[in-house]
Amino acid sequence: QMWEEAIALGKELAEQYENEMFDYEQLSELLRKQAQFYENIVKVIRPKPDYFAVGYYGQGFPTFIRNKVFIYRGKEYERREDFEARLLTQFPNAEKMKTTSPPGDDIKNSSGQYIQCFTVKPKLDLPSKFHRPVSEQIVSFYRVNEVQRFEYSRPVRRGEKNPDNEFANMWIERTIYVTAYKLPGILRWFEVKSVFMVEISPLENAIETMQLTNDKINNMVQQHLNDPNLPINPLSMLLNGIVDPAVMGGFTNYEKAFFTEKYMHEHPEDHDKIEKLKDLIAWQIPFLAEGIRIHGEKVTEALRPFHERMEACFRQLKDKVEKQYGVRAVLSSLDDRRGSRPRSMVRSFTMPSSSRPLSVASVSSISSDSTPSRPGSDGFVLEPLLPKKMHSRSQDKLDKDDLDKDKKEKKKEKRNSKHQEIFDKEIKSTDISLQQSEAVILSETISPLRPQRPKSQVINIISSERRFSVSPSPPSSQVTPPPITPRTKLSFSIQSNLELNGMSSSDVPDIPPPLPLKGSMADYGNLMESQDLISPTTSPPAHQRVSP
Numbered sequence: 001q002m003w004e005e006a007i008a009l010g011k012e013l014a015e016q017y018e019n020e021m022f023d024y025e026q027l028s029e030l031l032r033k034q035a036q037f038y039e040n041i042v043k044v045i046r047p048k049p050d051y052f053a054v055g056y057y058g059q060g061f062p063t064f065i066r067n068k069v070f071i072y073r074g075k076e077y078e079r080r081e082d083f084e085a086r087l088l089t090q091f092p093n094a095e096k097m098k099t100t101s102p103p104g105d106d107i108k109n110s111s112g113q114y115i116q117c118f119t120v121k122p123k124l125d126l127p128s129k130f131h132r133p134v135s136e137q138i139v140s141f142y143r144v145n146e147v148q149r150f151e152y153s154r155p156v157r158r159g160e161k162n163p164d165n166e167f168a169n170m171w172i173e174r175t176i177y178v179t180a181y182k183l184p185g186i187l188r189w190f191e192v193k194s195v196f197m198v199e200i201s202p203l204e205n206a207i208e209t210m211q212l213t214n215d216k217i218n219n220m221v222q223q224h225l226n227d228p229n230l231p232i233n234p235l236s237m238l239l240n241g242i243v244d245p246a247v248m249g250g251f252t253n254y255e256k257a258f259f260t261e262k263y264m265h266e267h268p269e270d271h272d273k274i275e276k277l278k279d280l281i282a283w284q285i286p287f288l289a290e291g292i293r294i295h296g297e298k299v300t301e302a303l304r305p306f307h308e309r310m311e312a313c314f315r316q317l318k319d320k321v322e323k324q325y326g327v328r329a330v331l332s333s334l335d336d337r338r339g340s341r342p343r344s345m346v347r348s349f350t351m352p353s354s355s356r357p358l359s360v361a362s363v364s365s366i367s368s369d370s371t372p373s374r375p376g377s378d379g380f381v382l383e384p385l386l387p388k389k390m391h392s393r394s395q396d397k398l399d400k401d402d403l404d405k406d407k408k409e410k411k412k413e414k415r416n417s418k419h420q421e422i423f424d425k426e427i428k429s430t431d432i433s434l435q436q437s438e439a440v441i442l443s444e445t446i447s448p449l450r451p452q453r454p455k456s457q458v459i460n461i462i463s464s465e466r467r468f469s470v471s472p473s474p475p476s477s478q479v480t481p482p483p484i485t486p487r488t489k490l491s492f493s494i495q496s497n498l499e500l501n502g503m504s505s506s507d508v509p510d511i512p513p514p515l516p517l518k519g520s521m522a523d524y525g526n527l528m529e530s531q532d533l534i535s536p537t538t539s540p541p542a543h544q545r546v547s548p
């Protein structure tokens, strides 16, 4: 399901097919696959695997993993317990460590085998092409793929313990692991090449937590807007955990810990960070409002009391936040954010062929002699005519003057019937022209576009001490070539052919029938003028039927 990688390889193949091999059949098949991959990226929800840091400590391990840390990519929906069980089957004598802190030298130099395993979080590293905000469905791939930095956060208590508010003195000790290569690669695990540690203050931790919560709400709202068939249970739990203060407490704990005069007096350098935290709290309200609106549209009757309680809690929360931190507003619909194509335009291109009127280009292209009546249309670009669009001034005037609905419907039907009559008339004219072309008219008139046959190609046959020309006309000073006939079906007889040329069958009783019509340039050229190759008793063959 790594369709992004498949698209990158497909672009390389497309370059070869298009500009090197000129194999357009393979190119079309490849482009169809790429289109399907892009559609899968937007519509298919892919599972996000977990990453685990594994340390092998002790002299009992092989040298290539001894006292080293590796980052493993777990399987789909694989929990840490299942991964540890799979790992310990490879080293049945190893002992699992209970802590996540780095071990001392006594464990590293011991003769035993100690395995340390814990879950790490991949750090997003977006490619440079994403220079503007994009859909979460696209970004979600890079949250767990093409990652090289991983972090593990461990809470640390410092200072006096506050039983009322645990967030006031909760520091975060964050360890960053950098692997040798990006994951996933040719392997599902790579060695850690560098490790460093940073400390996160309680206020910075609160800002980070609020940012992650807002992103989570916004992403889930976008998912439900894109796919209305998603289950509502995850959205219910997320909204209720934030709105209902009895569940998690919300951001009230942050207000008690950081928005007091005592904290501002002791930490004047954190003024900007406090303002940022207030802004994030204010921005959470419009995200929650959109989520509750979607929840109200999809909630079942059994969960209606639950939703009403959630709405009541949200109204109280909204009044409080807007009074203290101001009002924030976001676009209510995803269509407005995306700037999607208007529905009328989509409908105009998705009309069924039976109800869509014929375009000017399509009507005019039926007959090869006619030209498109619309300027700028060359007969190849088909522009569907919308039912409301007219091409004559009189009809435009009628549309503007007439505001009655029923009359508009009648005019639409009349207009469609006119298109159909034009279409039938064009088809009829082409049929008549085709039928007329089947009639054969023989004439002695020589077309000026075709040169006369040279004298060397006139075949003289000596029979009964007479010389006859190819032409059935009386001998003259200049040899006349045979009449020119169109290459169509010939259903006439030899007698009718002579009568059409002005001669009756009784006038020429001894003249043999003419040679068959010329089928190609080499028909008469095969006959030699030498009398040795032609028997004097051989008569010309009968008139054969030539198919067009």
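The opening position of the sequence shown corresponds to residue 1 in full-length UniProt numbering, with each subsequent residue numbered one higher. No residue lacks a Cβ here, since even glycine has one placed at the ideal position from N, Cα and C.
Of all C-beta pairs linking the region 71 to 79 to the region 22 to 42, fewer than three are shorter than 8 Å, placing the two stretches out of contact.
Contact between residue 143 and residue 100 is absent: CB atoms are separated by about 22 Å, not below the 8 Å threshold. In the DSSP assignment, residue 170 is bridged to 157. Put simply, of 107, 152 and 293 the residue whose alpha carbon is nearest the alpha carbon of residue 122 is 152. By the CB criterion at 8 Å, residue 277 and residue 210 fall inside the cutoff. Where residue 329 is concerned, there is no enclosing alpha helix (DSSP H), because DSSP gives it neither an H nor an E. Under the three-state reduction of DSSP, residue 65 is assigned to coil, being neither helix nor strand. Per DSSP, residue 193 lies in no alpha helix (DSSP H) segment; the continuous beta strand (DSSP E) that holds it begins and ends at 189 to 200. For the set 162, 293 and 220, the Cα lying nearest the Cα of residue 234 is the one of 220. Between the C-alpha atoms of residue 5 and residue 326 there is a straight-line separation of about 45 Å. For residue 122, the beta-bridge partners assigned by DSSP are 150.
For residue 17, the enclosing alpha helix (DSSP H) covers residues 3 to 19.
Fully contained in the region 43 to 120 are the following alpha helix (DSSP H) runs of length 4 or more, in chain order: 80 to 88 and 105 to 108. At a Cβ-Cβ threshold of 8 Å, residue 103 and residue 114 count as neighbours. Note that the region 160 to 176 touches the region 194 to 208; at least 3 beta-carbon pairs, one per stretch, sit closer than 8 Å.
Only exposed fits residue 186, as fewer than 16 other CB atoms lie within 10 angstroms of its CB. Excluding sequence positions up to five before and after residue 26, its CB lies within less than 7 Å of the CB of 17, all in the same chain and listed in chain order. In this structure residue 86 does not touch residue 52 by the C-beta definition: roughly 11 Å separates them, more than the 8 Å allowed. Of all alpha-carbon atoms in 301, 308 and 204, the one lying nearest the alpha-carbon of residue 269 is that of 204. Here residue 281 has 210, 251, 254, 321 and 325 as same chain residues with Cβ atoms under 8 Å from its own Cβ, once five neighbours each way along the sequence are excluded. Here residue 165 is not near residue 273, since their CB atoms are 8 Å or more apart. When the beta-carbon positions are compared, residue 161 and residue 178 stay at least 8 Å from each other. Around residue 47, the same chain offers 76 and 77 as residues with beta carbons nearer than 7 Å, after the five sequence neighbours per side are excluded. Taking the Cα positions, residue 329 is about 30 Å away from residue 263. For residue 49, the closest C-alpha among the options 91, 514, 2 and 19 is that of 2. Contiguous beta strand (DSSP E) elements confined to the region 216 to 277 do not occur, taking only those with 3 or more residues.
The C-beta of residue 146 has 16 or more other C-beta atoms within 10 Å across all chains shown, which makes the residue buried. With a 10 Å radius around the Cβ and a threshold of 16 neighbouring Cβ atoms, residue 206 comes out buried.
Rounded to the nearest angstrom, the Cβ distance from residue 7 to residue 36 is 10 Å, too far for a contact under 8 Å.
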